[in-house]
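Below is one structure, written out as structure tokens; comments come after it.
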Amino acid sequence: MESGKKKQVVCVTGASGYVVSWIIKLLLARGYTVRATVRDTDDAEKTAHLRAMDGAEDRLHLLKADLLQEGCFDAAVHGCDCVFHTASPVLQNFTDPQAQLIDPAVKGTLNVLGSCSKAEAVKRRWYALSKTLAEEAAWKFSNDYGIEVITINPGWVIGPLLQHKLNIGAEAILKLINGAPTYPNLCNEWVNVKDVAMAHVLAYEVPSANGRYCLAERAVHHSELVRIINDMYPSILLPDRCADDKPFVPSFQVSMGKIRSLGMEQLIPLETSIKETIDSLKEKGFLSF
Ligand SMILES: NC(=O)c1ccc[n+]([C@@H]2O[C@H](COP(=O)([O-])OP(=O)(O)OC[C@H]3O[C@@H](n4cnc5c(N)ncnc54)[C@H](OP(=O)(O)O)[C@@H]3O)[C@@H](O)[C@H]2O)c1
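Anchor point for the sequence shown: position 224 equals 223 in numbering that gives the first Met the number 0, and the numbering is continuous, going up by one each time.
Structure representation (structure tokens):
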């Protein structure tokens, strides 16, 4: 890490989450001081793994903030050189999408940006990792208020878990190897959480970084995912048929062109990401073979 960045203070929102935990680990390792927001600073289950990270004792500060409370990110972003905004509900089961997903993503993004626009220092970069509406709102805010925005748009994120809660990508793998009778007729882009964290940090550190970055090592259909797992773990009973009898959703390619400009020549291969996910699921007690 270049010495010029060592003493910088950065803010990260949604600190207890899967992707964010890795971003914080990387930022601490690179010498940054990190202000990290969580909804409940006293919830040990969500914060213990953060407090235990190397460098956390001196350089990690946990602050309380909720996406839906206007102004509550003011203190966290004040004086920071950069804000990594990654807090957003990631839910599969919901009854009210507007209240549970869209409002926290869009209003929350605008709340964080509102706090950034009040804070003098936050002018260089601001990162959103959120859904389309939140991203659109962020770009509009960026144009209107002159705050520089960079977005990182990963595919399905898998790889080792630092936090104790299951995340959506690891859950997809867990379902496949935990007796699901079928695999979904879906083709997803897959990327390792460590690459996602690195892309965030490089998007801040590389002066020429700009715009949107799509991030996926490979797009594969779930049938192919099952084949890869079967090759690596022949003893695991895996689903052998698709959930529907329609033609398989076709695969596609995700360009590496732009992410290479950040200096990321190769992403971690899907096979490694799957293995790391399964090892982590075992270590965290979600699997017992
Ligand atoms: N995982 C993926 O495959 C994937 C793929 C593409 C994009 N993304 C994006 O990456 C980001 C992080 O995803 P993740 O997988 O790391 O999710 P995660 O583990 O569920 O973390 C989400 C974080 O958002 C916080 N959050 C949710 N609602 C909040 C609210 N109202 N106020 C404040 N914080 C709130 C949560 O905090 P609490 O602990 O307080 O609930 C949690 O720390 C999200 O923006 C997601 O859309 C993820």
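Ideal Cβ placement from N, Cα and C applies to all residues, glycine included.
Within a 10 Å sphere around the beta-carbon of N187 sit 16 or more other beta-carbons, which makes this residue buried.
Per DSSP, the unbroken beta strand (DSSP E) holding I149 starts and ends at I149 to P153. Following the DSSP letters along the chain, one finds V105 in no beta strand (DSSP E) but inside the alpha helix (DSSP H) bounded by residues D102 to K117. Judged by DSSP secondary structure, V11 falls outside any alpha helix (DSSP H) and instead within the beta strand (DSSP E) spanning V8 to T12.
For G210, the enclosing beta strand (DSSP E) begins and ends at G210 to L214. In the three-state reduction of the DSSP assignment, V33 falls in the strand class. Proximity to H84 across Q99, N110 and L61 peaks at N110, based on C-alpha coordinates. Judged by beta-carbon spacing, V253 lies beyond the 8 Å limit of G113, meaning their Cβ atoms are not closer than that value.
In this structure, F140 and I146 form a Cβ contact; the two beta carbons are roughly 7 Å apart against a cut-off of 8 Å. When DSSP reads this structure, A218 sits in a beta bridge with E188. Secondary-structure assignment with DSSP links V156 through a beta bridge to V190. A residue is called buried when at least 16 other Cβ atoms come within 10 angstroms of its Cβ; Y144 does not meet this threshold and is exposed.
With fewer than 16 neighbouring CB atoms inside 10 Å of its own CB, G178 falls in the exposed class. Under the three-state reduction of DSSP, H48 is assigned to helix.
Cα atoms of R226 and A242: separation of roughly 16 Å, rounded to the nearest angstrom. Secondary structure at H163: coil, using DSSP grouped into helix, strand and coil. Here M197 is buried. Its C-beta has 16 or more other C-beta atoms within 10 Å. Proximity to C213 across A86, W189, L236 and G78 peaks at W189, based on C-alpha coordinates.
Annotation: L237 is outside any alpha helix (DSSP H) and is labelled neither H nor E by DSSP.
DSSP places F288 outside both helix and strand once states are collapsed to three, so it counts as coil. Contact between the stretch 72 to 81 and the stretch 19 to 26 is not established, with fewer than three Cβ pairs separated by less than 8 Å.
Between I157 and G168, the C-beta gap is smaller than 8 Å, which places the two residues in contact. The alpha-carbon separation between E275 and P159 amounts to approximately 5 Å.
For N92, the number of other beta carbons within 10 angstroms of its own is below 16, and it is reported as exposed. For F140, there is no enclosing beta strand (DSSP E); the enclosing alpha helix (DSSP H) covers residues T131 to Y144.
Between A75 and R34 a beta carbon distance of about 5 Å is seen, short of the 8 Å cut, so the two are scored as contacting. Of the residues S272, S279, S15 and H221, the one whose Cα lies closest to the Cα of N184 is H221. Relative to ligand 1, W155 has its C-beta within less than 7 Å of a heavy atom. Here the C-alpha atom of I176 lies approximately 11 Å from the C-alpha atom of I273.
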